[in-house]
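In what follows, a structure is listed as structure tokens, so that the remarks can point back to it.
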Amino acid sequence: MITSAIRFVTLAMFLASLVAAPPVISAFAAGGGGGGGGGGGGDPYGSTYTSTTPSSPDTKATRTTHKGKKKSDKQSSFDDPGIAQGYRAAYATIYDRHDYADAIEQLKALGQDDHPNVANLIGYSYRKLGDYKLSQVWYERALKADPNHVLTWQYYGLWQIEQGNRDQAQYHLSRIAAICGTDCEEYRSLAAALEKPPGTGLVY
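Residues in the sequence shown are numbered from 1 upward in steps of one, following the working numbering.
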């Protein structure tokens, strides 16, 4: 009887703590940059469309990547507060200070190069520095890690426009539409860039 009572009280306390605790969202569970094509602002963890499971244009993908698979040690490290803090600092270095070289070092120091959010922001930083070859390498790395990483499709689409590859950018736009539809910020941003005349300097 006493054992049952203790178990009941313990269970009640556990459930109460779950209800009272705020939800924790991994810093790396969502896209890796600001909206508006990399202009910063908003949630530093970016897009909510990062599922590796394809979704219809009318269905938002979930926040978690690699759903249904056991987390690897590297993936579970994204819950580490130190890594989350380092990512936020690198994000601020990019979008607040526009110090892309320093941001690359900060992002690489996280030891999470194969995470799509990290790889995407490294690619973005190299693009802003004018190193299109290295930028492409990192965008490809991000998409290898998560083929449905919508923010990478957007940023890489902007890369394609800057390289004069408008047909490729249009393909990237179609990939975004397949992942999050035509109303998401990533789609609207890349579509707006494609509407500009060729040779127009992008500010993204």
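Glycine residues also receive a C-beta, built at the ideal position from the N, C-alpha and C atoms.
Keep in mind it's a predicted model, so treat the numbers as computed, not measured.
In this structure Thr200 is exposed. Its beta-carbon is surrounded by fewer than 16 other beta-carbon atoms within 10 angstroms. Proximity to Val118 across Gly130, Asp131 and Ser135 peaks at Ser135, based on C-alpha coordinates.
Burial check for Pro197: the Cβ neighbour count within 10 Å stays below 16, so the residue is exposed. CA-to-CA, the gap between Gly86 and Asp79 works out to about 12 Å. For the pair Cys180 and Leu190, the Cα-to-Cα distance works out to about 13 Å.
Residue environment: Thr182 is assigned as exposed (fewer than 16 neighbouring CB atoms within 10 Å of its CB, all protein chains considered). Pairing Ala92 with Leu110 gives a Cβ-Cβ distance that is not under 9 Å. Counted as a single uninterrupted DSSP element, the stretch harbouring Gly130 is not any alpha helix (DSSP H), since DSSP gives it neither H nor E.
If the five residues before and after His172 are omitted, its C-beta is found closer than 8 Å to the C-beta atoms of Trp153, Gln154, Tyr156, Gly157, Gln160 and Leu190, all from its own chain and listed in chain order.
In terms of CA proximity to Ala84, Gln106 leads the group Arg175, Tyr187 and Gln106. Using a Cβ distance threshold of 9 Å, Leu194 and Arg175 do not count as a contacting pair. Under the 10 Å beta carbon count, Ala101 is surrounded by fewer than 16 other beta carbons and is classified as exposed. Only exposed fits Gly82, as fewer than 16 other CB atoms lie within 10 angstroms of its CB. DSSP places His115 in the coil class of the three-state scheme, outside both helix and strand.
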